[in-house]
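Residue numbering for the sequence shown follows this note's numbering, beginning at 148 and increasing consecutively.
For reference, the structure discussed in these notes is given below.
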Amino acid sequence: MAPTSKRGSAKKTGVLEEAPEALLQAVIIADSFNRRFRPITLEKPRCLLPLANTPIIEYTLEFLALGGVEEILLYCHAHHDQITEYIRESKWSKDSSPFQIRVIYSPSIMSVGDVMRELDQSRLIKEDFILVSGDIVSNIPLQGILKEHKARRLADKNCIMTSVLREISPRHDSRPRGENALFILDQNRERILHYEYLKQSDSESPMLLPRELGKAFPTMSFQENFLDCCIDIVSFEVPPLFTENFDWQHSRKDFLHGILMDELYGKTVYAHILKSGYAGRIQSLQTYDAILHDITRKWTHPFSPDTNLNQQTYKYTRGHIYKESKVILAQSAVIKDNSIIGSGTSVGDKTIISGATIGRNCIIGKNVELHSTIVWDNVVIGDNCSLGNCIIANEAHIGDGCTVESGAIISFGVTIEKGTDIPTTARYTKMSTKKEKESGRFTQVVHSKTKSLIEYEDSEDDEDEQREASMGGLYAPEDESDYSDISDFEDDDEIPGKRKKGHARTSSESEADSFFREAYNSLLGALKQSHSVDIMILELNGLRMSANAEFSEVRRATAAAVISYIVSKITSNENTSKVVDATVEKLLPLFNRMIFEVNDQAELLGYIQRELAGKERGGTLMQAIGMKLYNEDLCDDEGLLKWWNEGNGPQGETPEMTKVRDGAKAFVKWVEEQDEDEDSEEEEESEEEEDDE
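Structure below.
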């Protein structure tokens, strides 16, 4: 993937020639400085964990190579020996590498702030540079962002950083659960005026803003829907600021917040908001799972399995299925969409693999079900096993008849005995730290093939880290009342498709119901947060493709979300038509992408009728929505009358649905009359034409 170039091939500068531009440098911070991937990271650094069977750091290095980076400083602490060895043996250390890479080990770095202070002392950076972590996945072109940053630096001498942000829904899978931030930008959404990290526990607390901010910027943009891509273009002036402030540890909570809060610094920071391309960071198990699925579905193109970044041999087949050479599949084995299978893996009879990623040289037994499971290399899974969205690390052995629930982690070399049920919260590993052994946080469990097997329990992560460490809705926390899988945007009233609070998604939930719930939550949340319709379309389209949902299911979820939103906005003295008109007008581009023919019009009206059943003003709303759809040409005479005459039909209606239908009777009658008048005019015109002949 990376472009090739020989180092040292630049021309010697002549007397009258311009001096060459400084090397474009990048700093990669390999450490994550948290425990969200334990117990796996007790044995292997996060940046070397496989993502779609390729080490995570490969995506970061490919991204920088395509961006024209010429020199990389890779800072690391934990497992530095493994990182050094990996880079030494990789293509990035060969003469054909597009950049020089230097691995820098420092036993004293325990935060991003420590890295920046080390960088300042080393004097290795003399120009503006790119700052990323070692777990970035992105295909965005850096050249344009760099050019934009340089232009800002020339226009604003106080500019010290440009941060890449991506506008997404607050419930987007790529956003770590529990991690939210408020960005306050100028009215052009270019300069970042203030940054505030929002803790889940402090959601009701007041926020203090600099007093002078409102005076200097009477118009500001408050954005809570940004995904921080953790890609920064940083001035060489920044590392010394960390040296001056020894207590700054975090690049956002400390540095960005502090530099913008204190006007004495007089520094400015800008944002580059992505309009296209993909960018995300593996910050938690949940984002690891989400980005893996995005890679499988080619949203990160050209970084997909069949690009074969790391000496692989994957071939793509329909349904986002990737298989390497020398894969052995039993004739009765079933491989479903969004699955990856590595070389040398064998799959037994009647085994079903759905949305799973399987590494190299694995043995999967007979009658096994793998649903969204992540299996790494050299794993053995016995017969009659069932595995949900869990992680099975290298060399693990799962005995016959085992069940591993979604969210569980089986670390390197662990053996699970025959017939064992592994719960959602389980973390199994052979490794432990001295501190953890002394604190009693590990419980010894003895198995026939593993003498030192231990079950890993949660470490002393703070509240936010525990929340972020889960795999999204697939993880069942200890206190389910705090972590319902239903969206935070929902009201407590009964909602179509909503299960009782505290019930996580089960394997028995149909794909259609799962899509409905996720699409409903996404759209309703976006409406309540006043997101742009473009974001709504992007979210729904992504959910539809990932679930392989029919457009009928999209119309059903959209009808439910729109009705819930409209009902919530109407008060006793609020004009019904005003709310309906404003909502439908905003969603016109969305409706246009799901209504293609007369049957679609009738079906959408039927879903709306069903959602309004039993609601106060249901009939009035049915007429108002029908009229608006009709006036906006989203529904014509034929579609409206098809719903009225053939839709749910009087036979299939409940009494509540009949009341809703009756509310629209006057409007439908008017449409029928208009239709009859048009038919009469056409007949008269036809008769006149015959007379003329």
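Even glycine gets a Cβ: it sits at the ideal position worked out from N, Cα and C.
This one's a predicted model, so the numbers in the text were calculated from it and none came from an experiment.
- Ranked by Cα distance from leucine 221, the options Arg249, Ser237 and Ile203 are led by Arg249.
- In summary, alanine 298 is exposed, with fewer than 16 beta-carbon neighbours lying within 10 Å of its beta-carbon over all protein chains present.
- Collapsing the DSSP output to three states places lysine 470 in a strand.
- Counting along the chain, glutamine 247 sits inside the beta strand (DSSP E) bounded by residues 247–252.
- Proline 186 is classed as buried because its beta carbon has at least 16 other beta carbons within 10 Å across all chains shown.
- Taking the Cβ atoms as the reference, serine 519 lies roughly 7 Å from glycine 535, within the contact range of under 8 Å.
- Bridge pairing for arginine 313: Leu374 [DSSP].
- In terms of CA proximity to glutamate 779, Val731 leads the group Val815, Val731, Ala813 and Ile684.
- Approximately 7 Å separates the beta-carbon atoms of methionine 367 and aspartate 333; this is inside 8 Å, confirming the contact.
- Around the beta carbon of lysine 789, a 10 Å sphere encloses 16 or more other beta carbons of the protein chains shown; the residue is thus reported as buried.
- In this structure glycine 260 is buried. Its beta-carbon is surrounded by 16 or more other beta-carbon atoms within 10 angstroms.
- A distance of 8 Å or more separates the beta carbons of isoleucine 203 and isoleucine 521.
- Taking glutamate 218 as the centre and dropping the five residues before and after it, the same chain places the C-beta of Leu170, Gln172, Phe246 and Gln247 closer than 7 Å to its C-beta, in chain order.
- The residues Thr520, Ile521, Val522, Trp523, Val526, Ile528, Ile545, Val551 and Ile557, in chain order, have a CB closer than 8 Å to that of isoleucine 539 in the same chain once the five nearest residues on each side in sequence are set aside.
- DSSP assignment within the segment 490–539 yields the following whole beta strand (DSSP E) runs of 3 residues or more, N-terminal first: 499–501 and 516–518.
- Inclusion of alanine 477 and threonine 498 in the CB contact set at 8 Å is warranted, their separation being smaller than that value.
- Within the same chain, Cβ atoms closer than 8 Å to the Cβ of arginine 336 are found at Ser368, Gln370, Ala418 and Ile420, the five residues on either side in sequence being excluded.
- Straight-line spacing of the CA atoms in lysine 675 and isoleucine 710 works out to 12 Å.
- When only Cα atoms are considered, valine 481 and glutamine 268 end up about 57 Å apart.
- For arginine 691, the uninterrupted alpha helix (DSSP H) run begins and ends at 680–694, by DSSP.
- Contact between asparagine 485 and threonine 434 is ruled out by a C-beta separation of about 17 Å, above the 8 Å threshold.
- The beta carbons of glycine 506 and asparagine 722 sit about 60 Å from each other, so the pair does not count as a contact at 8 Å.
- In the DSSP annotation of this structure, the continuous segment of the beta strand (DSSP E) that includes lysine 462 starts and ends at 462–464.
- Your pair alanine 760 and serine 724 does not check out as a contact, with CB atoms roughly 21 Å apart and the cut at 8 Å.
- Between arginine 264 and the set Trp395, Ile500 and Leu670, the nearest pair of CA atoms involves Trp395.
- DSSP, read as helix, strand or coil, puts alanine 418 in strand.
- Exclusion of the five residues before and after isoleucine 307 leaves Ser382, Glu384, Val385 and Lys414 as the residues of its chain whose Cβ lies within less than 6 Å of its Cβ.
- Assignment of beta strand (DSSP E) within the segment 214–301, counting only whole runs of 3 or more residues, yields 218–223, 247–252, 276–280 and 283–285 in chain order.
- Cβ atoms of aspartate 275 and threonine 207 stay farther apart than 8 Å, at about 19 Å.
- By the CB criterion at 8 Å, arginine 270 and tyrosine 344 fall outside the cutoff.
- Linking asparagine 531 to isoleucine 500 through their CA atoms gives a straight-line distance of about 13 Å.
- For the options Val727, Arg764, Leu781 and Ser715, the alpha carbon positioned closest to that of aspartate 747 is the one of Leu781.
- In this structure, leucine 195 sits near glutamine 229, with a CB-CB distance shorter than 8 Å.
- Relative to leucine 752, the option among Lys565, Ser490, Val714 and Asn792 whose CA is nearest is Asn792.
- Look at histidine 544 here: in three-state DSSP terms it is strand.
- Under the three-state reduction of DSSP output, serine 382 falls in the coil class, being neither helix nor strand.
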